[in-house]
Amino acid sequence: MSTAPPGDGVIIGLECHVQLNRLNSKLFCSCSTQYQDAAPNTHTCPVCLGLPGALPVINRRAVEGTLKVALALGCEVQEQTLFYRKNYFYPDLPRGYQISQYDFPLAVRGRVLLEEDGRTKEIRITRVHMEEDPGRLTYRGTIDTASHSLVDYNRSGMALMEIVTEPDMRSPREARRFLAKLRNILGYLEVTDGDREGAMRVDANVSIAGGQRVEVKNISSHKGVERALLFEISRQRQMARRGQRIVRETRHYDDTRGITLTLRTKEAEQDYRYFPEPDLVPLRVKGWAGDIRLPELPDAKYERFLVQYGISEHHARVLTGDYKLAALFEEVAKQGVEPRAAATWIADILQGELNYRDEHYRWLLHLAREPERLDPGLAGVRVLPDVGLPFRPDLLGEAPGGPLHVEFELYALDGDGWVEAKRRREALLVRMEGLRSLLVVPGLLEEVPRAEVEAAGYRVVESGPLLGPTRTLAQKTSPAAVGPRTPTVPEYTPERVAPEALVELIGLLARGEITDNTAVAVLREMLDEGGRPGEIVARRGLARAAAGDLGPLLDAVLGENPKAVADVRAGRSNALNYLVGQVLKRTGGKADAAGVRRELEKRIPRP
9 MSTAPPGDGV IIGLECHVQL NRLNSKLFCS CSTQYQDAAP NTHTCPVCLG
59 LPGALPVINR RAVEGTLKVA LALGCEVQEQ TLFYRKNYFY PDLPRGYQIS
109 QYDFPLAVRG RVLLEEDGRT KEIRITRVHM EEDPGRLTYR GTIDTASHSL
159 VDYNRSGMAL MEIVTEPDMR SPREARRFLA KLRNILGYLE VTDGDREGAM
209 RVDANVSIAG GQRVEVKNIS SHKGVERALL FEISRQRQMA RRGQRIVRET
259 RHYDDTRGIT LTLRTKEAEQ DYRYFPEPDL VPLRVKGWAG DIRLPELPDA
309 KYERFLVQYG ISEHHARVLT GDYKLAALFE EVAKQGVEPR AAATWIADIL
359 QGELNYRDEH YRWLLHLARE PERLDPGLAG VRVLPDVGLP FRPDLLGEAP
409 GGPLHVEFEL YALDGDGWVE AKRRREALLV RMEGLRSLLV VPGLLEEVPR
459 AEVEAAGYRV VESGPLLGPT RTLAQKTSPA AVGPRTPTVP EYTPERVAPE
509 ALVELIGLLA RGEITDNTAV AVLREMLDEG GRPGEIVARR GLARAAAGDL
559 GPLLDAVLGE NPKAVADVRA GRSNALNYLV GQVLKRTGGK ADAAGVRREL
609 EKRIPRP
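Under this note's numbering, residues 9 to 615 are what the sequence shown spells out, in order.
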């Protein structure tokens, strides 16, 4: 097997630990799996606490769930599987060993296919095996600065499935795409609830240019994996440039600071002193595989959507990339909406709004590594994936309208300081009417001209007390009408957009009762506040305004813009577009642009 990497020499392999948290009980005992909101150490028993004399009993449904995943990944199920004791000491492991699998995993040799730009890449799966989850350690501070840690054993003994890949990935982005595809497959199989704490944790193994492999442990999100790998690759490159030796070790990813820290020298297999678990008999699982029934998986659903509904490849890929969106699409299509219209609304508009709530509410901040360099007035601000930042009237020059919720995106490109890894032009220029202000990292205003920012309704002011003299703040000039918002989960939520509600919304648009712009505005309110489309249209007075009823408004716009009228008569089409825009602006988008254009052309006779 060749692992020689092309290009920059990056080699990445992943170990994905997936909790089978849809089960009712843990792997070897009858303790409940519903521990997320419970007090620490209240979902435990002598078995999952490893007390002397307590014996494990295998959860058959956990084995069946793991078999289902193995078959979905195209793995070969082994004739028999065997549990081992993996010996190591750590406070979250009450027995001093973990019951896992070693020489005889449940299944081997599978694959996951990644598609991008018409190309397909195969990520090989080495093995799928079962083990018990350890407890959870929490730190007061960071792992390297905390004076002590606390242990919660509620998670101890949860059924855990480990999916190990070959080192086939060549970039952090590719690793993130693999994890997204894997999570989607797991969603279709309904073996885990990915929104629960600890549902999937990843150990990432990375090396560069044939150097020693470094393992980064227990990363809890797809984005975290990408960021951890970005930092670790940069750290190793810096060491290589300086002639320093990269050692094989295990490192911890500190999501707060976006850095990796040494935990221990990497253990070899013999360090774990594996030996068969004497209290569990071997399981002959080959015969079980024939009884497992798989649902329609993403790739098969993609092919069916193309044939059955006649939608585009892009739409089919987006829809099947989230099992909830795929189910929503089919339900909407069954209720009589033309499939291509349903695909456009769900894959483009709805998914775009969901992505917006994930990405565009994550305000890009460029912070120094040392928390003490933050403004003392912001004491208590935590640099975490979801953090509340107090509204600062002294910075913004206005009374606060409530707390401003901020999420930090930190990207470390090298060990010497923070640099953003990606810039988003649309972070400033797309749908800014929903934002009170924008915090802008250095360089972004060079990429997006200041004039465009100001034209979109923002004024740009220096914000030295918050981010230092090189940072800037783009503030909405009229924020009073914009209420405070909080980041939402970037996932389709049936409670906010049920199939019947989407059918109703598309129907209002198809019958000409609302315009395209109004339909999008109604969808946004459904996502943010809830409500039925018809009720929202009636309550907010969003019904479509007929162009023929806008005579006084059309005459007023023409009278106020004599130069534009003269340009239209001279044959300049851009001037007519400008006048149409002025009318639409005054009607709040309720008028039909084509109808307004026709009415204006009647009132501006050409020579």
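In this text, a Cβ means the ideal position worked out from N, Cα and C, and glycines have one as well.
Query                                                                                                                                                                       : Result
To which residues of the same chain is F97 closer than 7 angstroms at the C-beta, ignoring the five residues directly before and after it?                                  : G104
Measuring alpha carbon to alpha carbon, tell me which of I227, V222 and T328 ends up nearest S242.                                                                          : V222
Okay, do the stretch 280–291 and the stretch 107–127 touch, 3+ Cβ pairs below 8 angstroms being the bar?                                                                    : yes
Hey, R1 and V159 are a contact pair by Cβ (cut 8 angstroms); roughly how many whole angstroms apart?                                                                        : Absent from the structure is residue 1, since the part of the chain shown begins at 9 and ends at 615.
What number of angstroms, rounded off, separates the C-alpha of P175 from the C-alpha of V210?                                                                              : 14 angstroms
Pull up the distance between the alpha-carbon of V233 and that of T146, whole angstroms please.                                                                             : 20 angstroms
Just to confirm, are V224 and Y196 a CB contact at a threshold of 8 angstroms?                                                                                              : no
Under a Cβ-count criterion, where at least 16 other Cβ atoms within 10 Å of its own Cβ denotes burial, should P613 be classed as buried or exposed?                         : exposed
Give the single residue among G218, K231 and S215 whose Cα lies nearest to the Cα of M208.                                                                                  : K231
So, under 8 angstroms CB-CB, Q244 and I254 are touching, yes? Tell me the CB distance rounded to an integer number of Å.                                                    : 5 angstroms
List the endpoints of the continuous alpha helix (DSSP H) containing V255.                                                                                                  : Counting along the chain, V255 falls outside any alpha helix (DSSP H), and DSSP gives it neither H nor E.
How do the stretch 49–65 and the stretch 26–37 stand: do at least 3 beta-carbon pairs fall below 8 angstroms, yes or no?                                                    : yes
Between E23 and K294, what straight-line distance do the alpha-carbon atoms span, to the nearest angstrom?                                                                  : 24 angstroms
Along the chain, where does the beta strand (DSSP E) that runs through A355 open and close?                                                                                 : Here A355 belongs to no beta strand (DSSP E), and DSSP marks it neither H nor E.
Compare the C-beta of V210 against all C-beta atoms of chain C and say whether one is closer than 8 angstroms.                                                              : Although the question refers to chain C, the structure presented lacks it and comprises just one protein chain.
Given this structure, state the Cα-to-Cα distance separating R540 from R532, to the nearest angstrom.                                                                       : 12 angstroms
Taking the alpha carbon of T153 as the reference point, which residue from L271, N582 and G202 has its own alpha carbon closest?                                            : L271
Helix, strand or coil for N582 per DSSP?                                                                                                                                    : helix
Between S157 and L57, how many whole angstroms is the CB-CB distance? I'm expecting something under 8 angstroms.                                                            : Not a contact, Cβ separation roughly 18 angstroms.
Report the option in K332, R348 and E568 whose CA atom is closest to the CA atom of E202.                                                                                   : The question names Glu, but residue 202 is Gly in the sequence shown. Among K332, R348 and E568, the Cα nearest to that of G202 is on K332.
Return the chain-ordered list of same chain residues with a C-beta closer than 7 angstroms to the C-beta of L288, the five sequence neighbours on each side being excluded. : P64, I66 and F91
Skipping 5 residues on each side, what residues in its chain have a beta carbon closer than 6 angstroms to that of L584?                                                    : V576
Are L122 and P180 close, meaning C-beta to C-beta below 8 angstroms?                                                                                                        : no
In angstroms, rounded to a whole number, what distance separates the CA positions of T150 and R185?                                                                         : 29 angstroms
Quick check: the Cα distance between R7 and C53, rounded to an integer number of angstroms?                                                                                 : With the chain running from 9 to 615 in the structure shown, residue 7 is simply not present.
At the level of alpha carbons, what is the spacing between E543 and R552?                                                                                                   : 14 angstroms
Kindly provide the ranges of any alpha helix (DSSP H) runs that are 4 or more residues long and lie completely inside the stretch 248–325, ordered along the chain.         : 306–317
Just checking my contact of M138 with M166 at CB under 8 angstroms: how many whole Å lie between their CB atoms?                                                            : Going by Cβ atoms, the distance from M138 to M166 rounds to 11 angstroms, so no, they are not a contact pair.
Among A601, G360, A351 and V315, which has the Cα closest to the Cα of L673?                                                                                                : The shown model of the chain, from 9 to 615, leaves out residue 673, and the question about it has no answer.
For A78 and L336, what's the separation of their Cα atoms in angstroms?                                                                                                     : 27 angstroms
Tell whether a beta-carbon distance below 8 angstroms holds between L561 and R594.                                                                                          : yes
Pull up the distance between the alpha-carbon of Q252 and that of G266, whole angstroms please.                                                                             : 22 angstroms
Using a threshold of 8 angstroms, state whether the C-beta atoms of K309 and A334 are closer than that.                                                                     : yes
Could you spell out where the beta strand (DSSP E) holding A506 opens and where it closes?                                                                                  : From DSSP, A506 is part of no beta strand (DSSP E); its letter is neither H nor E.
Alpha carbon to alpha carbon, how far is W353 from E277?                                                                                                                    : 52 angstroms
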